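Visitor: My questions will all concern the structure given below.
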Amino acid sequence: MKVNLIINGASHLTDVAPGETLLELLRREGYKSVKKGCGTGDCGACAVLLNGRAVNSCLVLAAKADGAEVKTLEGISDGDSLHPVQQAFLDCGAVQCGYCTPAMVLTTIDFLSRNPDPTDNEIRAAISGNLCRCTGYEKQVEAIRQAAAAMRGGPNVA
Amino acid sequence: MSRSETPNRPFQVVGHSERKVDGISLITGQPQFVADADLRETLHVRLLTSPQAHARISRIDTSAAEAMPGVACVLTHKNTPETRYTTAGQGFPEPSPYDTRMFDTKVRFVGDRVAAVAAETPEIADEALRAIRVEYEPLKAVLSLDEALAVGAPIIHDEPESEGIYEAAGNVAADVDISVGDLGKAFEESDVVVEATCETQYAQHTPIETHVVWSYLDADGRLVLRSSTQVPFHVRRIVGYVLGLPIRSIRVIKPRIGGGFGTKQEILLEDIAGLITLRTRRPALFSLSRQEEFVSSRTRHPMRIRVKMGADKEGRLHALEMEALSNTGAYGSHALTVLSNAGSKTLPLYNKAANVRFFGKALYTNLPVGGAYRGYGATQGYFPLEMAMDMLAEQTHLDPIEIRQRNHIRSGETSPIFEKLGEGREGVAFTIRSCELERCIEIGRERIGWHEKRGKRRTSGPWIHGVGMSIHMQGSGIPHIDMGAATIKMNEDGSFNLLVGATDLGTGSDTILAQIAAEVLGVPVSHMVVTSSDTDITPFDVGAYASSTTYVSGKAVERAANKVREQIFNVAASMLEIDPRTALAELTLDRGRVAGGKRLISLSEVCQRAMYSNEQFQIGATASCVPEESPPPFLASFAEIAVDRETGFIKVLRYVAAVDCGVAINPKMAEGQMEGAIVNGIGFALTEEMKFSSTGRVRNPSLFDYKIPCAADVPPIEVILVESYEPTGPMGAKSVGEIGINAPIPTIASALYDAVGIRLTKTPFTPERVLAAMNGRTS
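The listed protein sequences derive, respectively, from chains F and V. The first sequence maps to residues 0 to 157 in numbering that gives the first Met the number 0. The second sequence maps to residues 0 to 778 in numbering that gives the first Met the number 0.
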């Protein structure tokens with residue numbers, strides 16, 4: 000069947016197989032920032048924004064996403080200027096291998112849109128569906144705190 | 000934190016938390032991981048694995064699979080090389096037995112290789128796997144250390160052609176026995192003797208990117224392996240050996256990779272993908288599913304280790320004995336060296352013991368295969384060592400901190416173990432030149448609030464609080480074995496290409512190696528263009544393991560940069576009309592400029608002259624490093640936990656880690672190494688465990704059922720970098736990659752005893768085990 004998706008603002012009409020997941024579709028269409036870590040919704044490396052909400056794209060059938068608006072990391076930065084969440088991840092050393100990073104950044108963008116001034120515990124809960132084996136999460140919590148402050152436009156309060 | 004300084008000037012680049020050189024590309028999601036390539040005509044590879052723990056393949060029929068439309072190639076023992084090799088990517092000749100064959104006529108664990116299919120789509124490959132008919136002749140399986148030791152146990156490696164197995168008939172893959180002094184006499188003369196036996200579990204690395212390789216032929220017909228590996232040069236050598244290809248016909252490229260932690264120090268996929276590409280002349284993509292990653296890749300060797308200590312009344316150690324039994328699973332990958340390191344990376348910490356023995360065996364079982372895993376045996380060894388030390392403290396009425404202070408190694412001291420026990424052979428004697436462990440202990444003790452909390456058993460509702468601690472050392476590379484090399488060449492805008500064989504797994508080694516070169520060459524990191532881990536382009540490096548990259552590869556980079564600096568000074572001397580014999584003393588190099596007398600010339604001018612005008616040559620150099628010593632980093636680890644007395648659940652409330660890694664080349668990255676290692680260690684301590692059915696099948700091969708820590712599971716990890724200066728290291732640096740992972744098990748065990756008075760000797764410390772032990776104690 001054919002589905003119509005808006006990926007990072009551009010319309011895509013594409014054939015999908017009945018069992019194909021949104022993860023498979025996006026990677027096939029060239030959005031390689033969307034990573035596969037398990038295929039069962041446990042690691043969160045494949046998270047994308049589906050109509051603005053972070054979802055594990057391995058658990059979404061491509062056919063079910065017909066008509067939806069999808070955002071991947073490729074659609075987050077504006078030309079050469081990074082999104083404040085990307086900038087904070089970079090500045091705080093929150094990226095080690097970078098494999099979980101695209102999904103972690105997207106999850107954070109969704110989270111901060113709903114909770115612009117989170118506590119550390121709220122941050123930890125928000126990214127608890129995104130497993131990272133490299134960092135110990137310390138620098139990511141710091142980065143999200145810093146990004147929240149930058150996006151609020153206020154001073155960077157710890 | 001204090002900033003280290005070289006004798007002459009403060010560091011400009013080293014010691015600063017420079018951003019990752021690959022940071023922008025990673026944070027914008029550039030397609031640079033193995034599977035992000037797009038190669039036309041790619042075949043998809045799937046693996047058929049054994050449902051039997053121990054069996055002979057009496058018949059295998061692939062005709063139906065081969066006849067399927069879309070199937071390009073089927074591999075089994077019938078059409079693949081019989082060469083015996085080891086999958087362990089180690090220095091050559093490897094100290095691991097050659098007990099593995101691409102596809103064998105016998106399977107030795109549930110998940111062992113039986114066949115591989117390459118097809119036009121993954122779905123066709125899966126269907127073809129289901130069409131392969133295999134008849135097994137089941138054999139009695141060995142499913143525990145005790146079963147392996149039992150008289151009359153089935154022999155797992157009964158094939159005569161394997162080499163390097165210590166005693167195949169006894170299922171002994173490897174054996175170690177070293178001793179110093181007279182242990183029996185020392186125990187007799189000790190006032191206090193304690194003994195602890197601890198058991199660690201089967202655990203998994205779980206990099207978020209599983210093993211993956213994409214193989215293809217280049218325009219000249221050479222085999223290219225784009226692989227998620229920690230050891231590109233070992234991949235090239237071992238694949239060449241197994242497939243009977245000359246080294247020159249293989250190129251291994253490691254692009255960005257999604258974590259390794261040791262499991263990618265193995266050659267697990269490259270031989271199959273490579274052979275498929277050679278047979279079909281087509282690209283092949285082979286990645287493990289998460290389930291296969293759990294079952295068929297590698298694990299941390301589970302061990303049962305007994306530690307016995309003898310001391311005088313003042314808690315001064317006289318005798319120290321460690322006996323280790325390691326379960327290496329179906330193959331002996333890293334069996335000897337991981338076993339050795341359980342002793343060699345732990346026992347020297349307490350060098351006041353003049354009488355020491357380490358002995359043990361690595362045993363084959365019909366269970367998943369052990370391998371390299373961050374910590375590499377030390378993680379297993381520190382559990383009983385530190386528990387015994389706590390017991391000794393109790394027996395001698397000393398604080399756990401005080402007894403350690405009386406016995407731990409210090410700067411200017413050595414341990415006979417350094418010389419006696421190396422990596423599968425004798426080690427190398429050396430003296431500790433940098434050790435700030437005393438300060439690490441003091442800083443950590445203050446930070447956690449040891450005096451206010453230890454022994455107080457504060458309660459709140461069902462929660463009982465406790466604090467614990469442990470101390471650690473590791474190493475920095477393997478002396479006289481590891482080797483790293485670096486090439487630097489200069490460009491006419493005053494920038495440099497840095498080519499290193501070293502392998503960045505996400506650790507940031509590309510960045511810290513660039514920092515070292517930039518420091519010597521007086522330029523910012525942005526002027527270093529780093530290319531790493533491509534066997535066609537970069538010089539040799541053993542790869543990312545044994546905490547070697549900063550110390551060994553970093554030293555090679557420093558040496559290459561110094562050679563280039565000298566060449567720059569020679570050219571500059573002639574431009575500035577200074578006697579070249581005194582150039583090194585008279586000239587300085589800073590901020591991209593050479594200064595001599597009152598004149599300044601830019602690096603760009605220097606290179607342009609060398610390239611285009613006078614006595615033209617390429618400014619550039621290659622240098623190598625084979626270390627003479629392995630200076631250990633040191634760690635004092637502290638945790639505060641709360642134990643729910645009703646459920647047995649342990650919550651880690653605070654974690655403090657004070658580490659001496661020499662000069663931290665990049666402090667933020669050094670902290671990141673510590674934080675990640677400690678959280679991984681907390682996972683081992685509390686939740687992570689591979690479970691098996693009675694037939695040897697892994698029961699929880701998913702990230703849902705095998706629980707690694709998420710952000711909400713762990714407390715803030717407070718890392719304090721306690722700087723020392725290691726004179727043999729590049730810019731004073733030692734390693735930091737592994738040490739942190741060893742700490743959480745003994746630290747939490749110590750806190751658990753403080754909280755509820757039980758010593759748990761089996762990991763992980765699940766609520767069930769805690770509760771059972773608490774009930775056992777009170778009932």
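Backbone N, C-alpha and C define an ideal beta-carbon position, used for all residues, glycine too. No experiment lies behind these values; they were computed from the predicted model shown.
Round the Cβ separation of F:Glu23 and F:Thr13 to the nearest angstrom and send it over; I've been treating them as touching at under 8 Å.
Guide: Incorrect: roughly 11 Å between the Cβ atoms, too far for contact.
Visitor: Of the choices V:Asn354, V:Ala622, V:Pro231, whose alpha-carbon is the least far from that of V:Gly309?
Guide: Minimum Cα distance to V:Gly309 is reached at V:Asn354.
Visitor: For the stretch 93-104 of chain F, which residues have a beta carbon sitting closer than 9 Å to at least one beta carbon of chain V?
Guide: Against chain V - using a Cβ distance shorter than 9 Å - the residues of the stretch 93-104 of chain F are Ala93, Val94, Gln95, Cys96, Gly97, Tyr98, Cys99, Thr100, Pro101, Val104.
Visitor: If we cut at 8 Å on Cβ distances, does F:Phe110 have a partner in chain V?
Guide: Closer than 8 Å: no.
Visitor: Candidates V:Ala167, V:Leu348, V:Met489, V:Gly454: which alpha carbon is nearest V:Leu436's?
Guide: When only C-alpha atoms are compared, the closest one is V:Leu348.
Visitor: Could you give the distance in angstroms between the alpha-carbon of V:Pro523 and the alpha-carbon of V:Asn340?
Guide: Roughly 39 Å separates the two Cα atoms.
Visitor: Taking C-beta pairs closer than 9 Å, name the residues in chain F that V:Arg255 reaches, listed in chain order.
Guide: The answer, in chain order, is Cys96, Gly97, Tyr98.
Visitor: In this structure, does DSSP put V:Ile416 in helix, strand or coil?
Guide: Of the three classes helix, strand and coil, the one that applies to V:Ile416 here is helix, per DSSP.
Visitor: Note down the Cα distance separating V:Leu287 from F:Leu130, rounded to an integer number of angstroms.
Guide: If you take the alpha carbons of V:Leu287 and F:Leu130, they lie about 18 Å apart.
Visitor: For a contact meaning CB atoms closer than 7 Å, what does F:Glu73 contact in chain V?
Guide: Under the 7 Å cutoff, chain V gives Gly28.
Visitor: Rank V:Phe293, V:Phe637, V:Asp21, V:Gln473 by C-alpha distance to the C-alpha of V:Pro715 and give the top, closest one.
Guide: Closest by alpha carbon: V:Phe637.
Visitor: Tell me the residue span of the alpha helix (DSSP H) that contains V:Asp659.
Guide: Segment 649-659 is the beta strand (DSSP E) holding V:Asp659; no alpha helix (DSSP H) there.
Visitor: Does any residue of chain F bring its CB to less than 8 Å from the CB of V:Val678?
Guide: Yes, because at least one Cβ of chain F sits closer than 8 Å to the Cβ of V:Val678.
Visitor: Have a look at V:Gln51, V:Thr262, V:Gly163, V:Val662 and flag the residue whose alpha-carbon is nearest the alpha-carbon of V:Arg297.
Guide: Selected option, being the one with the closest Cα: V:Thr262.
Visitor: Please name the residues in the stretch 277-311 of chain V whose beta-carbon is closer than 8 Å to at least one beta-carbon of chain F, in chain order.
Guide: Taking 8 Å as the Cβ-Cβ cut-off against chain F, the residues of the stretch 277-311 of chain V that qualify are Ser288, Arg289.
Visitor: Which class does V:Tyr372 belong to by DSSP, given the choice of helix, strand or coil?
Guide: Three-state result, V:Tyr372: coil.
Visitor: Please decide whether V:Met668 counts as near chain F, where near means a Cβ-Cβ distance under 8 Å.
Guide: True, the Cβ-Cβ gap to chain F drops below 8 Å.
Visitor: Could you list the residues in the stretch 115-143 of chain F with a C-beta less than 9 Å from some C-beta on chain V, going in chain order?
Guide: Answer set for the stretch 115-143 of chain F: Asp119, Asn120, Ile122, Arg123, Ala124, Ala125, Ile126, Ser127, Gly128, Asn129, Leu130, Cys131, Arg132, Cys133, Thr134, Gly135, Tyr136, Glu137, Lys138, Gln139, Val140.
Visitor: What's the C-alpha gap between V:Gly28 and V:Met67?
Guide: The alpha-carbon atoms of V:Gly28 and V:Met67 are separated by roughly 38 Å.
Visitor: Could you pull the start and end residues of the beta strand (DSSP E) that V:Pro137 belongs to?
Guide: Its beta strand (DSSP E) spans residues 132-137.
Visitor: Determine, for F:Cys37, whether the minimum Cβ-Cβ distance to residues of chain V falls below 8 Å.
Guide: Cβ-Cβ to chain V under 8 Å: yes for F:Cys37.
Visitor: What does a CB cutoff of less than 6 Å around V:Pro6 pick up in its chain, not counting 5 residues either side in sequence?
Guide: Any reading at V:Pro6 is ruled out, since the residue's pLDDT is 43, under 50, leaving its predicted position unreliable.
Visitor: Using a Cβ-Cβ cut-off of less than 7 Å, give me the residues of the stretch 38-67 of chain F that come near chain V, in sequence order.
Guide: For the stretch 38-67 of chain F, which is checked against every Cβ of chain V, the residues closer than 7 Å are Gly38, Thr39, Asp41, Cys42, Ala44.
Visitor: Based on Cα-Cα distance, which residue from F:Thr20, F:Lys138, F:Leu58 lies nearest to V:Val718?
Guide: It is F:Lys138 whose Cα lies nearest to the Cα of V:Val718.
Visitor: Based on Cα-Cα distance, which residue from F:Cys45, F:Gln95, F:Ala53 lies nearest to V:Ala676?
Guide: If we check each option's Cα against that of V:Ala676, F:Gln95 comes out closest.
Visitor: Below 8 Å between beta carbons: does that hold for V:Pro478 and V:Glu627?
Guide: Contact: yes.
Visitor: Taking all protein chains shown into account, decide if V:Glu162 is buried (16 or more other Cβ within 10 angstroms of its Cβ) or exposed.
Guide: Per the 10 Å Cβ criterion, exposed.
Visitor: In three-state DSSP terms, what is V:His450?
Guide: Residue state, collapsed to three classes: helix.
Visitor: Does F:Lys70 get closer than 8 Å to chain V when you measure Cβ to Cβ?
Guide: By this cut-off, F:Lys70 is not an interface position.
Visitor: Going by C-alpha to C-alpha distance, which of V:Asp535, V:Glu725, V:Thr694 sits closest to V:Arg247?
Guide: Minimum Cα distance to V:Arg247 is reached at V:Asp535.
Visitor: Say whether the stretch 570-577 of chain V touches the stretch 600-616 of chain V, bearing in mind that this needs 3 or more beta-carbon pairs closer than 8 Å, one atom from each stretch.
Guide: With a cut-off of 8 Å, the stretch 600-616 of chain V and the stretch 570-577 of chain V count as touching, because enough Cβ pairs lie within range.
Visitor: Just to confirm, are V:Leu520 and V:Val556 a CB contact at a threshold of 8 Å?
Guide: Result no, Cβ atoms of V:Leu520 and V:Val556 do not sit closer than 8 Å.
Visitor: Short of 6 Å in beta carbon distance, which residues of its chain neighbour V:Ile738, apart from the five on each side in sequence? Order them along the chain.
Guide: Around V:Ile738: His471, Gln473, Pro632, Leu634.
Visitor: State the Cα-Cα distance for the pair V:Glu568 and F:Leu111, rounded to the nearest angstrom.
Guide: Residue 568 of chain V is actually Phe in this sequence, not Glu. Going from the Cα of V:Phe568 to the Cα of F:Leu111 covers about 53 Å.
Visitor: Report the rounded CA-to-CA distance for V:Thr765 versus V:Asn561, giving the unit in angstroms.
Guide: Near 53 Å, if we compare the C-alpha coordinates of V:Asn561 and V:Thr765.
Visitor: Verify whether the separation of the beta carbon atoms of V:Cys624 and V:Val551 is less than 8 Å.
Guide: Yes. Within cutoff.
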